[in-house]
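First comes the structure, then the notes that go with it.
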């Protein structure tokens, strides 16, 4: 998943994940979250991870 985090909250977000080197955060031994990359631009994160931009959803009335 790509998470958008306000810049003011970024240091706390990294601390919750583990450390600056992207070490894993483990909760109750069940799930793991690992930071692979970060950027001020979501586009750069997608490029680094090889992800395409999702197509916009069309809402019907």
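Numbering (my numbering), first residue to last: 222 to 282. Quick reminder that beta carbons are idealized off the backbone N, C-alpha and C, glycines included. Bear in mind the structure is a predicted one, so any value in this text is a computation, not a measurement.
Whose C-alpha, out of the options, is nearest the C-alpha of residue i?
i	options	result
residue 232	273, 259, 253	259
residue 254	279, 275, 234	234
residue 256	237, 227, 278	237
Around the C-beta of residue i, are 16 or more other C-beta atoms found within 10 angstroms, so that it is buried, or is it exposed?
i	result
residue 275	exposed
Flag residue i as yes when its Cβ comes closer than 7 Å to any non-hydrogen atom of the ligand FMN, and as no otherwise.
i	result
residue 279	What this structure holds is no ligand at all, so the ligand FMN is not there to describe.
message = Check whether the region 250-269 and the region 222-241 are in contact - that is, three or more C-beta pairs closer than 8 Å.
response = Touching, yes.
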